[in-house]
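The next block holds one structure in the form of structure tokens; read it before the comments.
In my numbering, the protein residues as written are 154 to 451.
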């Protein structure tokens, strides 16, 4: 009973992170399920089953909150589903540890770019549109060029290593989509990606052997409870703060992946320290700029 409660709390936390930042459910859940002894294929299938149900709850909450650009979500979902099928097939035939370091380097570079955009540039303004234009963005704006390719690559990495949001959300932020709309659209499209991922994994691996229904149920309860809170959180958090949070999460998770590949504990903590310092500098830069202006005016 205690173990299931821990899993439920973990599902709640993972869904809060994923619903607010558009990423993080897979890595958080994977650590718990693999630690519980599930084989990798069963772990990935369990995560994607939970993603389907929590994703539906999250998508509904984001739609009610006005965070979803329907054309953008569709443009992500269709190629994302195709990529997910391919990624799941590769997962069953190729050692994913071979691909993790390459993916980590790519995502690390994306995280640096997002950090620069929201921190070292004029962080008082969102990339191209602000929340005053959010309703126009939800209803009328065309998806950025390259959205389909980003969705296909995100689907592939989701089927392969559970990374959907870390690929797709930074791409949308980089191309000027309002953060809350990027998160809402990514979470909505993720439902289709998760359905295809779990279907391919279960079909190719011969069924549901190794799945723990108790663990899946506990994850679902925690995740569904968090979904509406996350949708409200992303609507209230300032665009700049959300962008810095996305960058920080991306940099920390990929630093962990690279440190695991190097297999040196010192490199991991050194990387964490560098990332924390960079995010702190980016977060406090506007305050320092204001103080300089005050001193100059005195």
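Backbone N, C-alpha and C define an ideal beta-carbon position, used for all residues, glycine too.
Closer than 7 Å by C-beta to residue i: which residues in its own chain qualify, once you throw out the five before and the five after it? Chain order, please.
{"i": "residue 531", "result": "Coverage of the chain is limited to positions 154 through 451, which leaves residue 531 absent and any answer about it impossible."}
{"i": "residue 281", "result": "Low confidence applies to residue 281: its pLDDT is 44, below 50, so where it sits in the model is not reliable, and the reading given next is rough at best. Excluding residues within five positions, the ones whose Cβ falls inside 7 Å are 329."}
{"i": "residue 380", "result": "168, 172, 207, 210, 211 and 214"}
{"i": "residue 453", "result": "Any property of residue 453 remains undetermined from this structure, which presents the chain solely from 154 to 451."}
Find out if the Cβ-Cβ distance for the pair residue i, residue j is shorter than 7 Å.
{"i": "residue 315", "j": "residue 179", "result": "yes"}
{"i": "residue 487", "j": "residue 407", "result": "It is not possible to answer for residue 487, since the shown part of the chain is limited to 154 through 451."}
{"i": "residue 355", "j": "residue 198", "result": "yes"}
{"i": "residue 233", "j": "residue 304", "result": "yes"}
{"i": "residue 201", "j": "residue 344", "result": "no"}
{"i": "residue 413", "j": "residue 424", "result": "no"}
{"i": "residue 311", "j": "residue 346", "result": "yes"}
{"i": "residue 226", "j": "residue 338", "result": "yes"}
{"i": "residue 334", "j": "residue 222", "result": "yes"}
{"i": "residue 410", "j": "residue 294", "result": "no"}
Who are the near neighbours of residue i in its chain, counting only those whose CB is closer than 6 Å to its CB and skipping five residues on each side?
{"i": "residue 437", "result": "none"}
{"i": "residue 328", "result": "297"}
{"i": "residue 129", "result": "Examination of residue 129 is not possible in this model, given that the chain is present from 154 through 451 alone."}
{"i": "residue 286", "result": "With a pLDDT of 45 at residue 286, under the threshold of 50, the predicted position of this residue should be treated as unreliable, though the coordinate-derived value follows. Closer than 6 Å at Cβ, skipping near neighbours: no residue."}
{"i": "residue 176", "result": "318, 319 and 322"}
Using the Cβ count rule (16 or more neighbours within 10 Å means buried), how would you classify residue i?
{"i": "residue 429", "result": "exposed"}
{"i": "residue 246", "result": "exposed"}
{"i": "residue 299", "result": "exposed"}
{"i": "residue 272", "result": "buried"}
{"i": "residue 317", "result": "buried"}
{"i": "residue 394", "result": "exposed"}
{"i": "residue 302", "result": "exposed"}
{"i": "residue 353", "result": "buried"}
{"i": "residue 162", "result": "exposed"}
{"i": "residue 308", "result": "buried"}
{"i": "residue 367", "result": "exposed"}
{"i": "residue 240", "result": "buried"}
{"i": "residue 417", "result": "exposed"}
Near residue i, what residues of its chain come up, given a Cβ to Cβ distance below 8 Å and the 5 sequence neighbours on each side ignored?
{"i": "residue 268", "result": "397, 400, 401, 404, 431, 432 and 435"}
Taking one C-beta from the segment 204 to 217 and one from the segment 378 to 391 each time, how about it: are there three or more such pairs within less than 8 Å?
At 8 Å Cβ cutoff, the stretches touch.
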